[in-house]
Each structure stands twice: as C-alpha cells, then as structure tokens.
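**Q** Residue numbers (the numbering used here), protein chains in the order written: chain A, 22 to 369; chain B, 4 to 340; chain C, -12 to 310. Cβ coordinates follow ideal geometry from the N, Cα and C atoms, glycine included. Since we're looking at a predicted model, the values are computed, not measured. Structure incoming, see below.
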Amino acid sequence: MSETLTTPQFAGSVGVPVLEVDDLHVEFRTTYGTVSAVNGITYSVNKGETLAILGESGSGKSVSVQAVMGILDTPPGFITSGSIRFHGEDILKMSSHKQRILRGPGIAMVFQDALSSLNPVFSVGHQIGEMHRAHQGASRREAKAKAIELMERVGIPAARERVNDYPHQFSGGMRQRVMIAMALALDPEILIADEPTTALDVTVQAQIMELLSDLQADTGMGLILITHDLGVVNEVADRVAVMYAGKIVESGTIDEVFTSPTHPYTAGLMSSVPQAESKGTRLNPITGQPPNLAAIPAGCSFHPRCPHARVGSAAAPGRDCAVEVPDLREVRPGRKSGCHYSEELYGE
Amino acid sequence: MSDSREPILVIKDLVKHFPLTSGIVFRRTVGQVQAVDGVSLELYPGETMGLVGESGCGKSTVSKLMMGLTKPTSGQIIFEGKDVAGMGRRELRRYRRQVQIVFQDPYASLNPRMTVGNIVAEAWEIHPDVVPKKERSRRVRELLDLVGLNPDYVNRYPHQFSGGQRQRIGVARALALRPSVLVCDEPVSALDVSVQAQVMNLLEDLQDELGLSYLFIAHDLSVVRHLSDRVAVMYLGRIVESGSHADVYDRPAHPYTQALLSAVPVHEPALRGAKERIVLTGDVPSPANPPSGCRFRTRCWKAQQICVDEDPALTDRGQGHPSACHFAESVEIVHVD
Amino acid sequence: MTDQQPRDVEDDLGGTQTVIESGSPQDQKATETTVAQAGGELRQASLWSDAWRQLRRSPLFLSGAALFLVFAVMAVVPQLFTNADPNVADLSRSAEGPSGEAWFGYDIQGRDYFANVVHGARVSMAVGFFTVLGILTIGVVVGALAGYYGGWLDAVLARVTDVFYGVPLILGAFLLLSTLSNRGVPEVSLALMVFGWMTAMRLVRSTVVSVKDADYVQAARALGASTWRILTRHILPNAVAPVLVYATITVGLIIAAEATLSFLGIGLQLPEVSWGLQINSGLNRFRDSSFLVFFPSLFLSLTVLSFILMGDALRDALDPKLR
C-alpha cells in the first residue's frame, strides 16, 4: 500500500506504468458531420495488472484502443489531441516505422471476431509464425516450431497435427485461442483484448478468461480488457474505467467501483443486470437511449438519462448538469468520478 | 401449481434432422444434422418457460418449428389439442394468430423499406378480420404506446430507431394479432445492458397486462433466471434437465447445468471466488455426428462406460425434477443469500 | 393516456385528410412541416408514397423527367418540333452544314437533318424502352423464381442463364434477326430482349437470395403471409434499387445496340429512321461532315442522361436510409 504515494490513483498497483494514455481525443470526420468518439480519456496500465474498460456500444471504448494500437481507420478517424506513452515515450510522435516495430513486442491485440480477423487462405501455423518471420527474421522451419509451441501454450490440443489446418476448421473457442497465440508470439508487455469472449458461449468464455489470467500470471504482461459484460470485469480485472459517450465517467478498483459506485451511470448499469435475488421484481434500468456521438448532450453527457441530474435553479452554482461539463476528479483515494454531485449522492 | 391447469401448448418428442447434401443438380444425402432430437415441452397459460442452451444446441430450431417455418422430421407440436403439422390452411392461420415470435436481431428483423406503421399493420392485411380497416391506424398507435414508443413515430423507418426501440417495434408486430403465446428467440441478447433491462421489464409488464405465455429462448442464464417460471436446459439437440426455476438454478442435477451455472461470471465482488468453478474441456461435438449414449459424455468429468452404452432418459432421478444423467445429483453452485 | 388517445386520433384524421389531397407541392411542403412539428401525422406512409413525395422535390429527378418528357413528346408527335418533311430529299444540298434555315443542316440525301433526327426519336425510344421493359420483366420473374425457390429450379435457370451469357448480345440478336424476313421495331426489340435479360436476372436473384432468409421475411411468414406477399412486399422492393440503376444504363446500351444492328444491315430497315441508322451512316462522312454524327449522338446522349438522372433519384428515394 506504500506505493499509493507514487501512483495515487491506483491503490495496490506496482511500479511505473507501462502504458499511459493522456487526454486522448479521437474524432471521425464524415460527410454527415463530425463524430466525437473519444473525448479526452486518461488511463494507465502497469506491469501484470488488468485494466477493464467497461462501456456499452457507442461509448468509444473500442475506438480508444484502436488509437493506441494504431489501427484507427484514418480517414475518417483522427487523433486530434493527447498522448499515448509507452515506457514514457510518446507513440504518436514516433515515425510510422518505429511504431510498427513497437507493435508485437510492445503492444498486441486480440479481437472479438476471430473468424474475420484470421486470413482464411493461410494455415493457422503460418499466421502465428508470420510474426516471427516478420519481426525476427526466423526461417520457415523455426517459425513453424514456434507456432506449435505457442499453440500448445494456449491449450490447443494436438497442436502438431493442427498447425497446418485453416481457420474454418477450428471452433469459435479454438479460433480465439489461435488469435491469442498470434498476439503472444512476440511476448508483448501489453495485451489489449477487445471483447475477446463476446462471440463465445459461456462455457467457452470461462475457458478463454482462465487462459488469459494464466498467461498473464506467467508473463507478467499488462492486460487491457474491453468489454460490456460486468460479470467478466468483476471476475478478472484489478481496476475498471467506465466509459460513457467517449469519456471515462468513473474509475477505481473493481471491488470499490462495483460495491459502491460514485457515478449515477455506473450505479444504473449495476441495477440493470438481473441478479439471482431480482427474480420476480422489476429491474431498475437506466431510462432512455445512449447518446448519438454526433450530437452529444451539452454539459454532462449523461444528464438526460440521469435520475439525479440537477438543472437550472435546482443546480448548485457552477454545477448545472445541462451546462457545465464535469471533470473526472478524485472523490476518494484511488477513486475518480465524473459527476458534479458525486459527494452529495454517494458520500465522501 | 402448473399441474392443475391444462397446458396451452405441448411439444412431444420433436425431432428435426437437416439432411447434409452434396452436389447441386444431382443431390445426394451424405448425412444428417440432428439439430433437435427428441424434445418435449409443455407451456402453461400465463407462464414463462425458459429454454437455455449454448449456440448449436438446437434451441433456435425449436422456435422455427414452433412457428411452422420448417417442418419437423417427426414428433408433434400440439396446440389446443391439434397437431400443427397436420393443420390445414385455415387452422394454420388460426394457429398463427395465437402463436407469434420476437426475433433476436433488431436490425435484421424489420424490413428496412417499410415504415413502422406498415410493419405493425401488416398482420391485419393478412388477417383482415382482426381489426377493421378504419380502426387500424388507431390500433397501430395504441400498440406503439403499449410497447413504450411514441405513437407519432408511425411513419418513420426502422433505421431511425436504436436497437432497443427496434426490438419494441418487433414486439408490437408480434402483438398485433393478439396472440396468447409469444416465442421470444433471444430477444435481448443483441442489446446493451441498460436497454436489455428495459426490454425485459416491457416483456414482464405485457405478460401481466395481456396474460401472455412466453417460451423464452436464450443463452444468457441470468436473463432466463430473471424471467422464467420453469426452465429447460438444452445440449446438442436434447433437453438434459428441466424443472422449476428453483430446481434448475438452486439444485442443478445434471453436470452440464452445473458447469453452465458455474461458468456465468458473477457481478458482485463479494461473490467472486465464492462459487466452485467448473471449466469444461473441449468443444460441443458436431450435431452431424453426436456421441453415442449420453451426448454430454465427451466433456463430462463423471463419464463412465455406461454413459457410452446407454442413453440416459430425462426422468426424475431422486432430485425432485427430471434430468438426463446416469449420475445425477443435486449440487448447489451459486450461493444465494 | 389511453382514455384520451382515441379522441386525439379522430381530430388528427380530419386535419390530415386535407393534407393528402392538397394541390401544389409548395402547399404540400408547408402543411407537411406543420403537421410534422405538431407530431400528429396520421397519414399512413408507405415506401412508394414516401418515394413519390421525395421525387417531386428532387431537382435531379425533375430535370431528368423534363428531359425525358421532351423526347417522349418528340417520339409521339414529332410534328410539334418541325414542319419539315423528313422524307423530302434535295440531293443538291447533300451534307450541307447547319444554317439558320436548317438548324442541323442536311443529310447525304439532302433531307432536312433536324426533321430526321426528331423523327428518329420515336424508333430509338421505342426500341430502348420496350426492350428494357422486357428485360426487366424477364429478369425479375426468372431471378425471383430462381432465388426464392432455389434448389433444382435455381440450378436449371442458372445454367440456362449461363448459356445465354455465352452468346454476345449483338451476335445473338444478329442470328435471331437473320431468320426473320420482316424486321421492324417489335422484332428488333424482341431479339435484344432475348439476349439481354441475363444481368438483370442475376442482380435480382442475388438480392432475393440474400434477403429471403432475413428475419423480417421469417416474421412475415410467421404472420401467415403468402408467397406472393412476401415476394412483392418484402423481397422485391429490396431488389428494385440495383435493377433500376442497371435498367437506366441499359436503355442507352440497347439504343446503341439497335444502331449497331442497323449498321450491320440486319436491324431496322429503310425507310425507318432511327438515331442508330443516322449515326452509322454519318460515320462514313465523319471527317468532312461530323455534324451528321454529332446531332443524333447528342439526342441519344440526352435521352440516356434523362434515364440515368431519373434512375439515380429513384434509387435514392427508394432507400429510406438516405432520406
């Protein structure tokens, strides 16, 4: 706990952050107007820890990591400001060649849809080994041997026989393992997993989440988990950042955020999920629809759906939810909330 | 409680095998995909029957069979004493008024080139006697209001709505014929958490208001747990366990149900690690070539020789509700306090 | 809420009835916005009525339609455009260039070229229009059958289409026409139709295949909709857009194909006049009298342009997402 002094926002985390994202803004410029997908988000990931970025569709959670990975579609997507520092060095200021070298050994990514992320005309062994051939100049034979090793490591049975199979010959869970093997090929320090289990059945999801935790324990890599599933976040993450309309509205450790949320959106999400004891009762969901990112409401972007919003004369000076944009600020040690009235609503 | 009443709909030994063919002009049947293989269910008036299973277990085929969209290979779907497969045109029309469906994907289930008003009113063009022509525009507005949409949106097109709103339109369409049974095929699985809860509340309200019976098909155990009175668990074309909500969730007897329940991530930090985690190995076998005997035996930690030789029947094995396992025993997986 | 709803609805009914009937587009637009603002629109909108409302306001469509109208009138009553008799020849004025007296000059036989080009509209328009109409009919019917029913019917129809694809349009029409002794507009159109329907069929077939298993088609089936209703209400409206665009382009192609056939001596026969015949006979004198090619080509291009403008606007109007 003494580390709290050096990295006050993450109680319990160790050492210097490997990846730091600072005030990142991403927008999409389309013919129909500008869509602000990410509006100033800040987070960091340490060695060996798991950060979950939790959000619903359209919250900007995927776009934010696409920007980190440098796989944003440009145009229409543009990083308009902010920095992404890897070991203190700003990736955005690097040459594109250096950025490419960084990817793989530095940061790797696993996608939601393994079938469309794998090339159907190459064998999985070829695709896993390609990372070695491209980054380390390995020979065909070495690459194949490494591919088999990786496939065994991610728990694909009979790896030696299956190394020459094609993606369509694998089941959904096995394809996701192949994707993870590819991402692990160069021992990344940060692994970004974008909804890695959303397309999978719950029994297979359990297998994949277990695999990711085991691999993390082995390698000490930092894991960024992008998901909309509160259960998955609760089971695997150390810290969570909740995103809404392109902003982080709340962050902290899992235990704290899930047991005592400090933002009405997080609280609303928690009560939207059916629990064992909620049987026979009405759920208490957030009303309304998530905002259109091309027309984000003024002030706090959540205020039209917020049961506690204070507008006009009801608002405290300088804290009108429909006018003033709330900052993400520390409300208790290690906890940040982007709600004007967090203290009033949820205590100190 | 349900025993005293007559079921509104009975499914008996329903089987659907899809032939695997090769060749285009000269077709040969090279195998059978056993999508549904002997499923029996009963649906009572005003109740919600949950049908849970993972992808490929055949639960969606059951919904297609119930809607008469494909014909069963064998078995019966009996509605008010009559088998759907043996129904004539007129009887089938009557059946369709009584049994309607809500689909999973709110983006694919509405015709992009039709207005919301026309989508909802189409049912009355097919069944003109349900609502007289003059009344239709008023009824459309009433239905939209009923499902929680602004009635002034009748002339909008589906793409102008969000996923949750589209799902409400789909519900309004299904309700247009005033059915008594609604088959809900994964109605909330494509929606965001907050919107999902809104639609679940809507379905519950409608049931209270209109006395509907639901066959609620889903892969999400927490959603099914929240809505269902009784639950059946499917694996590879068969029901492996069924019973009341409490039977299945609190005292699961079949290893597959136990594994399924244990795999669901819990939402409370306090419960993390509190439940025994059973991680199944391997994948679901292909329904074109299912294992002999018990279909779950290839992934089951309890499997013995008898599981290879003998197909376990779905009967009560001393746990107070039916399960299809030779070694059934009740285990509490999720601690609920 | 439910108590007062019916009364509101009745009130609105009275108001909107007049909206639908109201005359000029300006009126319509004005009332529409007020009704939309009031939020009480009761008019039962449909794809086609909405498309029509949009088309009436689309400058693209209106200019295309105006252009089309000019040529359509030209085709039906050419006398409105010219008093000159296209058949009066004065060989002394052969290939004389345009002048104030004869705007387009004279052709090789010394006939008034403007009158000739104007009179050519009828044949070219007729061939283009009827052929494309036939192509659309065959394409939609065969494509819908193959796509919807699938199976052996699809397999057989697909092979038949392949066989027709193997024969180039001009060659096929050439062979067919060479067996006929009388070759007028109906015969030429028929020949082009028989060898020109395949692309339309494939377009329709592929959309039907992609749409027929969509959930909304399943939903219509679950409501008890007939095959006819499913095809006409759910499947074909989604197949219309690509086919319409294709059709507008094909009108031009067909008019050009008619010209080629006429040039080869197997298409229309004299004394018919068509733009195709004019362009092709003008080609012989292209170097010294290029206006002989220019004027019929100009008319041909403007006709094709009118179809493309209308087709483009129609495609947009039929896609609710673009509204």
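According to DSSP, simplified to helix, strand and coil, what is Lys74(B)?
**A** Three-state result, Lys74(B): coil.
**Q** Is it true that the CB of Leu231(C) sits closer than 7 Å to the CB of Gly183(C)?
**A** Not a contact, by the Cβ cut-off of 7 Å.
**Q** Using the beta-carbon of each residue, which ones in chain C are nearer than 9 Å to His370(B)?
**A** There is no way to answer for residue 370(B), as the model of chain B reaches only from 4 to 340.
**Q** Taking Gly211(C) and Arg254(B) to be in contact with their CB atoms under 8 Å, please state how far apart those CB atoms are, rounded to whole angstroms.
**A** Gly211(C) to Arg254(B), Cβ: 42 Å. No contact.
**Q** Taking the C-alpha atoms as reference points, what is the distance between Leu108(B) and Gly246(B)?
**A** Before going on, a small fix: residue 108(B) reads as Asp here, not Leu. Roughly 28 Å separates the two Cα atoms.
**Q** Applying the 10 Å Cβ sphere with the 16-neighbour rule, what's the burial state of Ser111(C)?
**A** By the neighbour-count rule (16 or more Cβ atoms within 10 Å), Ser111(C) is buried.
**Q** Determine the chain B residues that contact Pro229(C) at a beta-carbon separation under 8 Å, and present them in chain order.
**A** Chain B residues near Pro229(C): none, gap ~13 Å exceeds 8 Å.
**Q** In angstroms with no decimal places, state the Cα-to-Cα distance between Val334(B) and Tyr187(A).
**A** Roughly 40 Å between the two C-alpha positions.
**Q** Measuring alpha carbon to alpha carbon, tell me which residue in Ala220(A), Lys268(A) and Ala214(A) is nearest Gln87(A).
**A** Checking every option, the nearest Cα to that of Gln87(A) belongs to Ala214(A).
**Q** I'd like the list of long-range same chain contacts for Leu221(A), defined as Cβ closer than 7 Å, with 5 residues on each side in sequence excluded.
**A** Here the set comprises Gly193, Gly194, Gln197 and Ile229.
**Q** Is the Cβ-Cβ distance between Val104(C) and Phe282(C) less than 7 Å?
**A** A contact, by the Cβ cut-off of 7 Å.
**Q** Ignore the nearest five residues each way along the sequence and tell me which others in Ala17(C)'s own chain have a CB closer than 6 Å to its CB.
**A** With a pLDDT of only 35 at Ala17(C), under 50, the local geometry of the prediction cannot be trusted, and no value is derived from it.
**Q** Could you pull out every residue in the same chain whose Cβ sits closer than 7 Å to the Cβ of Val114(C), ignoring the five residues on either side in sequence?
**A** If we look at Val114(C) and ignore the five residues flanking it on each side, its Cβ neighbours are Val172, Val175, Ser176, Ile241, Ile242 and Glu245.
**Q** Is the distance from the Cβ of Gly173(B) to the Cβ of Ser216(B) below 7 Å?
**A** No, these two residues do not count as a Cβ contact at 7 Å.
**Q** Pull up the distance between the alpha-carbon of Val175(A) and that of Leu283(B), whole angstroms please.
**A** Approximately 15 Å, taken between the alpha carbons.
**Q** Looking at C-alpha atoms only, which residue of Leu251(A), Gly309(A) and Tyr362(A) is the closest neighbour of Gly76(A)?
**A** Closest option to Gly76(A), Cα to Cα, is Leu251(A).
**Q** For Thr21(C), does the three-state DSSP call read helix, strand or coil?
**A** Caution is warranted here: a pLDDT of 32 is assigned to Thr21(C), below 50, making its placement in the model unreliable, and no coordinate value can be reported.
**Q** Who are Thr55(A)'s beta bridge partners in DSSP?
**A** Arg50(A), per the DSSP bridge assignment.
**Q** Ser165(B) versus chain A: which residues are under 7 Å apart at the beta carbon?
**A** Those within 7 Å of Ser165(B) in chain A are Gln310.
**Q** Per DSSP, Gln37(B) is paired with what?
**A** Answer is His20(B), bridged to Gln37(B).
**Q** Rounded to whole angstroms, what is the Cα-Cα separation between Thr21(C) and His229(B)?
**A** Note that Thr21(C) scores a pLDDT of 32, beneath 50, so its modelled location is shaky and nothing firm can be said.
**Q** Just to confirm, are Thr118(C) and Met180(C) a CB contact at a threshold of 7 Å?
**A** The answer is yes: Cβ separation under 7 Å.
**Q** So with CB distances below 8 Å, who are the chain B contacts of Gly194(A)?
**A** The answer, in chain order, is Asp286.
**Q** For the beta strand (DSSP E) containing Arg356(A), name the first residue and the last one.
**A** Arg356 to Ser358 is the extent of the beta strand (DSSP E) around Arg356(A).
**Q** Taking Cβ to Cβ, would you say Ala178(C) is nearer than 7 Å to Leu164(C)?
**A** Their beta carbons are under 7 Å apart, which means Ala178(C) touches Leu164(C) by this criterion.
**Q** With 16 as the cutoff for other CB atoms within 10 Å, does Trp127(B) come out buried or exposed?
**A** Result: buried.
**Q** Write down the C-beta distance between Glu15(B) and Ile104(B) rounded to the nearest angstrom, noting that I regard them as a contact closer than 8 Å.
**A** Sequence check: residue 15(B) is Lys here, not Glu. With a Cβ gap of about 20 Å, Lys15(B) and Ile104(B) do not count as contacting.
**Q** I need the straight-line Cα distance from Val294(A) to Pro272(B), nearest angstrom please.
**A** Computed Cα separation, rounded: 14 Å.
**Q** Does Ile245(A) get closer than 7 Å to chain B when you measure Cβ to Cβ?
**A** By this cut-off, Ile245(A) is not an interface position.
**Q** Using a beta-carbon distance cut-off of less than 7 Å, what residues from the segment 149 to 178 of chain B approach chain C?
**A** Result list: Asp155, Asn158, Tyr160, His162 and Arg176.
**Q** Under 9 Å between beta-carbons, which chain B residues line up against Ala201(C)? List them in chain order, please.
**A** Chain B residues near Ala201(C): Ala111, Ser112 and Asn114.
**Q** Below 7 Å CB to CB, which residues in the same chain sit around Gly107(C) once its five sequence neighbours on both sides are set aside?
**A** Same-chain partners within the cutoff: Val260, Ser261, Trp262, Gln265 and Pro283.
**Q** Given a threshold of 16 other Cβ atoms within 10 Å of its Cβ, counted over all protein chains shown, does Gln308(B) qualify as buried or as exposed?
**A** Exposed, because fewer than 16 other Cβ atoms sit within 10 Å of the Cβ of Gln308(B).
**Q** State yes or no: is the C-beta of Glu256(A) within less than 7 Å of the C-beta of Pro154(B)?
**A** Contact flag unset, no.
**Q** Excluding the five sequence neighbours on either side, which residues of its own chain have a C-beta within less than 6 Å of the C-beta of Leu145(C), listed in chain order?
**A** A small correction: the amino acid at residue 145(C) is Ala; Leu does not occupy that position in the sequence shown. Cβ neighbours of Ala145(C) beyond the five flanking positions: none.
**Q** Just the C-alpha distance for Leu29(C) and Leu205(A), rounded to the nearest angstrom, thanks.
**A** Summary for Leu29(C): the model assigns pLDDT 44, below 50, so the residue's position carries little reliability; its value from the coordinates is reported in the next sentence. Cα to Cα, Leu29(C) sits roughly 59 Å from Leu205(A).
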